[in-house]
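Asker: Numbering (mature numbering (1 follows the signal peptide of the UniProt record, and there is no 0)) for the sequence shown: -20 to -1, 1 to 384. We put the CB at the ideal spot given by N, CA and C, even for glycine.
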Amino acid sequence: MKKFIFLSIVFLFIACPPTAKNSARIYIQRGEYEEAREQILIGLQQSPNDYEYYGLLAKVEIGIGNWVEASRAFQNGVKIDSVKMMNFLLTDQQNIPVYWQAFYNAAITLMGERKYEEALTNLFYCEILQPDNVNEYILEGGIYTELGDIEKANAAYSRALNIDPENPEAHFLVGKAVFEKGLYDSSLVHFDDAVTHFNKKYERIARVLFQNLPGVDEEITQEIITLWTANDETGLDRLVKVRLGFDGGLSAQRRNLEQFFKTSEGLARTYYYLGMAYYNLKDEALAFENLLKSLAIKGDDIDALYYAGEISLKNKKFDESMEYFTKITKIKEDDIYAWFYMGVNYTQKKDYQKAIDIYENRVLTLDPENIDAMTNLAYVYREMGNNKKALEWLTKAEKLQKEQ
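1. Among residues of its own chain, excluding the 5 on either side of E300, which ones have a beta-carbon nearer than 6 Å to its beta-carbon?
2. Please report how far the alpha carbon of E378 lies from the alpha carbon of T345, in whole angstroms.
3. Beta-carbon within less than 6 Å of K181's beta-carbon, same chain only, minus the 5 sequence neighbours each way: which residues are those?
4. Could you give the residue range of the alpha helix (DSSP H) that holds V188?
5. How many Å lie between T(-2) and A99 at the Cα?
6. If we ignore side chains and look at the alpha-carbon of each, how far apart do N56 and V114 end up?
7. Between the region 57 to 68 and the region 79 to 95, can you find at least three pairs of beta-carbon atoms closer than 8 Å?
8. What is the residue span of the alpha helix (DSSP H) that D217 lies within?
9. Return the first residue and the last residue of the alpha helix (DSSP H) that G155 is part of.
10. Where Q233 and E183 are concerned, what is the direct C-alpha to C-alpha distance, given to the nearest angstrom?
11. Can you tell me whether R139 is buried or exposed, with buried defined as 16 or more other CB within 10 angstroms of its CB?
12. Work out the CA separation of Q239 and I20 for me, nearest whole Å.
13. Check the C-beta distance from A267 over to L168 and give it rounded, since I have them as a contact under 8 Å.
14. Since F86 and S62 should fall inside the 8 Å C-beta cutoff, what is the C-beta to C-beta distance between them, to a whole number of angstroms?
15. Hey, could you find the ends of the alpha helix (DSSP H) A140 is sitting in?
16. Ordered along the chain, which non-local residues of its own chain (more than five positions away) have a Cβ less than 6 Å from that of G229?
17. Excluding five sequence neighbours on each side, which residues of the same chain lie with their C-beta closer than 8 Å to the C-beta of F(-10)?
18. Is the distance from the Cβ of G246 to the Cβ of E116 below 8 Å?
19. Expressed to the nearest angstrom, what Euclidean distance is found between the alpha-carbon atoms of D165 and F159?
20. Mind checking which residues open and close the alpha helix (DSSP H) that includes T(-2)?
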């Protein structure tokens, strides 16, 4: 009798081994994701139509940080049984923010790869999991903008603003969409709202970061943006300790720095577009004022520097204009437009030798067929009394014009 019971127990143990699914769950709980994946693949060979294996595979890919692969695993499960697959997600309440982040990150990645339809599919799942999360609608609007569907883009941005009326990013993107339609007057309203709400965030986070200083320091602000853009953690750590006076360094202030960087970038970008809206409306005074506000935050913005330099040139502020264009050439040495306008500045100042040097040795070196530079050289040489050289450059310019 005892022997029979023993054999029955052995038989039952052999007949009911742990399933691949249970093993995968155990490995996932331990964070042993590669081992979990092996078990899932074994299970899928045996049961290729078991949606739950794809749900577990999605968890594995999330654990590893493979957002797109996680999303695709989930969608493979949806193809098998969409209702049960959604229940798989929605009944796991404590992990819904994790699933949302995975779909959102996958959408960002796929947008960067120009796989727009797949990105939108991921945002669809985001909206099911967290329907009131503004970020997904802002990203959706960006995707539709890339696709050229401005109506759907604006609908997404409007949804974001309905959820969060003070969201500066949404206000900016609506303004940008209107701006790109050439409706500059209308764009001003949205850009002004964006500035208002960006400024609230900016001032709040700036009070925290600059609490050990008398106030917000423009030079440090620009240095933070430069270092963060370059992902220079050593430089950021040193800045936090030495310039901002926080003993904890970067590790203690990383979140604050990230928020400050994003808000500063957003504010600078909005001021730039405000400036360009006024520029297109022929109000150069307000255009220049907003461009300077943009440059006070992000001093190396080439576009803002360019238009600030152009407006200064039009207003005969040649030395000021030269500063903007010179800064561009230090950032981007082969910027032909900056060199050209430096030549124009020298021409207007009647510093003809410097103008010739820039036209001949900078602009025409970068673009040997630049007709504008040749025409200006003809003018400069004529003003200097060198009619032979003036005629030479004018002839070259006319010949190129006929060939084009």
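Answerer: The answer reads as follows:
1. Sequence-distant Cβ neighbours of E300 in its own chain, meaning closer than 6 Å and more than five residues away, are S292.
2. Between E378 and T345, the C-alpha separation is close to 19 Å.
3. Excluding its 5 nearest sequence neighbours in each direction, K181 has C-beta neighbours in its own chain below 6 Å: T243, listed in chain order.
4. For V188, the enclosing alpha helix (DSSP H) covers residues 164 to 189.
5. T(-2) and A99 have their alpha carbons spaced roughly 34 Å apart.
6. Put simply, the backbone Cα of N56 is about 27 Å away from that of V114.
7. Judged by Cβ distances under 8 Å, the region 79 to 95 makes no contact with the region 57 to 68, as fewer than three pairs qualify.
8. Looking at the DSSP string, the run of the alpha helix (DSSP H) that includes D217 is 213 to 218.
9. Segment 148 to 160, the alpha helix (DSSP H) holding G155.
10. Taking the straight line joining both Cα atoms gives about 16 Å.
11. Flag for R139 reads buried.
12. If I take the Cα positions, the gap works out to 39 Å.
13. L168 and A267 do not touch by the CB rule: their CB atoms are close to 11 Å apart, not below 8 Å.
14. The sequence as given places Ala at residue 86; Phe does not occur at that position. Not really, about 18 Å apart at Cβ, beyond 8 Å.
15. It spans 130 to 143 - the alpha helix (DSSP H) in which A140 sits, taken as one unbroken run.
16. Hits under 6 Å: D217, V220, K221.
17. Because the pLDDT at F(-10) is just 36, under 50, the model does not fix this residue reliably, and the point stays unresolved.
18. No, these two residues do not count as a Cβ contact at 8 Å.
19. It is roughly 8 Å from the alpha-carbon of D165 to the alpha-carbon of F159.
20. Here T(-2) belongs to no alpha helix (DSSP H), and DSSP marks it neither H nor E.
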